[in-house]
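Worksheet for the structure shown next.
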Amino acid sequence: MHQAGAFQDYFTIRQLVFVNSAAYAYTEIRVDQHTALFGRNNLGKTSMLNALKLFLLPEENFRRCEKKFGFKGANGSEYDGQESYGYYFPEDHSFIILEAENVHGTFCLVLHRANREFSYGRMAVPCEYEMIRNLFWDFASNENEGLGGPKESLSLKSLLSELKQLGGEQLGDVKTIKDRLFSEKPLDPLLGRYCLLPLKQGGTVREIEAWRQLIHLAFDISARDDQTLPNAVATIIEGEKQREAEQVSIDFDQILEAYHSLKEEGDRLQNLQNHLPSWGAFESNYKQYEHDSRRAAQLYVNVEVNLNRSLDRLTQAVKDGKQKYREKYQEFEGNRKLFGQKDGEFKDISGQQKAIHRAAESTQNRLKRIATIVREYPESFSNDQIVEALVGYRQELEEDIGNLQSAEARQRRMENLIRESRRLQSQEEGLVSLLEGRTPALLEHVSSDSAAVLYSINQSFSQLRVQPSGDQLEIIQQFSALFGEDGGKLCFLNEAFPDLPFVPFDAQKNRMDLKARLDDVRKQQQKVQKELRNLNALGKQSSADLEQHLTQKRKEVESVKADVELVKAYTTHQSQAAEYQDQLQDFEQQSNALSQELKELKGKHDVLSRELTAEEEAFKADEKQQAEVNSRLSHLASIKDTHARIIDLWKDLLEPEKMEVEERTIDSLREQTRSLQRLGEEVVDGVSKLLQANLLEEDVSEGYRQLGLADVKHYRDRFRREFDTLDGRWLNYRDRVASHNKETSIKMDELKGAAKQIQTFSHEINQQFKDYQVSNLAEVQVCLTLHPRFEQLLKELETINFYTEELHDARLYSRLNDFCEEFFKKAAKGGPTLSMDQIIQKVYYRYRLEGLEIYDDKEQSNGTTSMVNSLLLSVLIKRLLRSDAQICIPLIMDEMGSLDRENLKTAIRIAEEHGFVLFGASPDISSEIVQAVKNYVNLGSFRATTASYNNRRRVVYHSYCERLFKESQQPMPEVVS
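Structure, rendered in structure tokens:
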């Protein structure tokens, strides 16, 4: 709804579109004409109005949502970021689109989900919404009774890609959003293409904050929150300040610092004036002290230099003597260490020689025993045969021991031997039968192949004496056929046994094996019979004989064991005996050589010991003289440290004189320094009194008697500067006080100017209010209440004369400091500033009814209050915008039904005169609203019946399914439901 005017640029918000967002599946609403939204609760009317904040504020996420957007429910409770984000952008294919127009053309802003938590993106597209509406909804679909259906291919990635192809641009950060949406660039189509609101100063921080407060007022048109109006008005006043200099910026800390500095300086100057006599007495003593201290310092320097020369000579002599002593000591110590080393080697060799000698004797004894053992056997026996014979003999002895120990053991052994005898007899009879041919052998009745297989499996098959039947031979033949031979190994089903060789059966060889087996069985039988006879004999002996015999057998077993080990190690013992002999010869040679070396080292030790003693006596004589000189220097240092510390200040300024230093010389110096000490104490006491009077800038109020003479000179120079410049500083101080009072007065005028600025703002608003009438009110005035402490401070400032050369009372500065700490905000740059929201405590209206002359501030109805707030909102918004710009944006009225017909017509007139449109909501259709607004939508009549992006979002409305009704001649147009 544009108003005619020359040289005006138009900025219009045309329509708002929801896609799978809030309560809407797909909804288009025109916002460039007066519009009313009807429908019961939970249809998203308020949330549709609130969505405009997402476009009109330069934000990019829902964090701190309560502060940024202030979304509230029907009960007044605020929605947090998670709730709001999940409502407006529940899915990746949820979008909110705003179509707008400016001097550069029509464009669309598409809001969508972003990657970061609770964040949303803003894509600006340089075209009308008509060009891209088919991307969001399938209007050709017959779903939902012809209202269309969801776009199956709709996704965030594909949509952004298509919008970029149309020239879409992502406005990613807050700074870019501010620059592109709130800063008009009429001569730059590229940068000004997406300007929504042409703010006067291009979107400064103060302007954006002012605009934010107006947005909050627009959505709280009945001003339920007491802070909404004060914050909005305060921020508008701040936003209209063109320059930084217009800010009420008063650094009270600096003012207080200057006051305290001047107060401190005035007190210090008066203190100096009071102590001029003390300064004169100190200065006289100080000059006398300078004269006497120079004389004492000259004598001290003479004594010190001459003593130090003697000390240098003696120190060098001691140093040279000690060096000679150290060199001789090193030679002496080296000889001693070498002697100890050689003596240790000699003792070590002697010990090893004894150990080897003992080992050689032990080895020889073992060889003698081995020779005795060997002689007991035939000469043809080898060592292995001797060992085997000894082992056999030992086993026999152990068996005898076992039988001697127990009658039961002997009985069990005899029973075992009888069974073994019977078994051997049976084996002997079987072998004889096989060899004599009385019993047939199994392997001689089967084929050669079968015999080879059975013999390879187990050679004991050759000793079996069975004669198989014909069927059994057939079975054996079939079993043998399963085996074969491969590489000398027995195979089963063509797979070789890894550990079974294939051995062909040889009958002749088998008979020879049987004979050998028969001989072995007979030998075993003879041995068994012999052991049986021995056991029978043992059973007839007495217990004492058996025990004696057992002891003898055990000793004999141990002896045989030892003999076995000796014979086994015979070669080793022979080798060790030869090795020991060689080692003994080597040790003998080394022992003789070391004995000679030790004798020579002992002689050298005696010579070096005498020479070392002579060197030590020489340097100690010089040390004694050195100690005497050091003692005198110590007395000299004690005199200086105790009585004349001033000497250190003179030393570098005086030339030494040659003299003979005697004891009386040092005594004379001691007397001079004692007198000097007394005078120095008077000087220190004088400067201490001056310091205790706090005449200097820094606090040095403790430990003055610990001052050194160098400190006294330092403070004397400082005090002289203080007292010599006292008169001039008094004149300068009075000038600075006058300048400080003048600067303070200027800052106080700035505080008064802040109050005047608020009064001027209120007056200008009330002048514009006179052009409108609301209900039965003849006049409405906006009133601003200032904070009581601010008003009280202004009254006090009016009573103070700042143009004086005397400092004001400290209570004034205390009140200023308290006010500053409470009302002034610290800034990152510059001094603290006074913000209007700190001093504007309340905004209210005064009303004058028709026919009356008096004003009343009694609270009006919600409808009347909303009307007045709408008027104020319209005026304030225009103050923010560029004067030659004509905008068309919706003024939000969530409770449009609360206004009567006349007030609603007035609201429409107010909006139109300022270039705005009313955009409101009401739960019920009202004839008053319809006749006044003429354009309305009943959201409850348009719902998805078959298909939606999500069943939670089912409202569908767009211009293709219902046209907004235009004004008719009838008093109430028919409502399409």
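When we follow the numbering used here, the leftmost residue of the sequence shown carries the number 171, and every step to the right adds one.
All C-beta atoms in this analysis are idealised placements derived from N, C-alpha and C, irrespective of residue type, glycine included.
All values derive from a computational prediction rather than experimental measurement.
In the DSSP assignment, PRO447 falls outside any beta strand (DSSP E) and within the unbroken alpha helix (DSSP H) covering 446-545.
The beta carbon of PRO359 sits closer than 8 Å to those of HIS274, all from its chain and outside the five residues before and after it, given in chain order. In this structure, LEU324 and HIS263 form a Cβ contact; the two beta carbons are roughly 5 Å apart against a cut-off of 8 Å. In this structure ALA404 is buried. Its beta-carbon is surrounded by 16 or more other beta-carbon atoms within 10 angstroms. In this structure the region 952-972 does not touch the region 364-381; the number of beta carbon pairs closer than 8 Å is below three. For ASP669, no alpha helix (DSSP H) segment is defined; the enclosing uninterrupted segment is the beta strand (DSSP E) at 665-671.
Under DSSP, ALA1055 takes part in a beta bridge, and its partners are ASP179. Closest option to LYS215, judged by alpha-carbon separation, among SER1129, HIS1128, ALA1114 and PHE1089: PHE1089. A straight-line Cα-Cα distance of about 24 Å links ASP941 and THR398. Cα atoms of GLY1110 and ARG350: separation of roughly 37 Å, rounded to the nearest angstrom.
When DSSP reads this structure, PRO320 sits in a beta bridge with TRP307. Three or more beta-carbon pairs drawn from the region 854-865 and the region 436-449 are found closer than 8 Å, and the two stretches are therefore classed as touching. Per DSSP, the beta bridge partners of ALA294 are LEU279 and GLU339. Three or more beta-carbon pairs separated by less than 8 Å are not found between the region 488-499 and the region 882-891, which leaves the two stretches without contact.
Counted as a single uninterrupted DSSP element, the beta strand (DSSP E) harbouring TYR1014 occupies residues 1010-1019. Separation of GLY337 and GLU377 (C-alpha to C-alpha, rounded to the nearest whole angstrom) is 30 Å. For ARG200, the three-state secondary structure derived from DSSP is strand. Around the Cβ of HIS386, a 10 Å sphere holds 16 or more other Cβ atoms; the residue is buried. Here GLN695 has SER591, LEU594, GLN595 and GLU598 as same chain residues with Cβ atoms under 8 Å from its own Cβ, once five neighbours each way along the sequence are excluded. Using a Cβ distance threshold of 8 Å, SER630 and LEU613 do not count as a contacting pair. The beta carbons of GLU655 and PHE672 sit closer together than 8 Å. For TYR258, the secondary structure class from DSSP, reduced to helix, strand or coil, is helix. THR955 sits exposed, since fewer than 16 C-beta atoms from the chains shown fall within 10 Å of its C-beta. A residue is called buried when at least 16 other Cβ atoms come within 10 angstroms of its Cβ; LEU341 meets this threshold and is buried.
Put simply, the backbone Cα of ALA797 is about 21 Å away from that of MET829. The region 501-509 makes contact with the region 768-780, as at least three CB pairs between them are under 8 Å. Per the DSSP secondary-structure output, THR955 pairs in a beta bridge with LYS1012. One thing to note: PRO356 has its Cβ within 8 Å of the Cβ of ASP179. When DSSP states are grouped into helix, strand and coil, SER289 belongs to the strand group. Under the three-state reduction of DSSP, PRO1093 is assigned to coil, being neither helix nor strand. Following the DSSP letters along the chain, one finds TYR903 inside the alpha helix (DSSP H) bounded by residues 896-939. Counting C-beta atoms within 10 angstroms of its own C-beta, PRO674 has fewer than 16 neighbours from the protein chains shown and is therefore classed as exposed. With fewer than 16 other Cβ atoms from the protein chains shown falling within 10 Å of its own Cβ, LEU652 counts as exposed. LYS859 and GLN468 have their C-alpha atoms roughly 31 Å apart. In this structure, PHE306 sits away from GLY318, with a CB-CB distance that is not shorter than 8 Å. For the set PHE993, LYS697, VAL636 and ALA541, the Cα lying nearest the Cα of GLN1011 is the one of PHE993.
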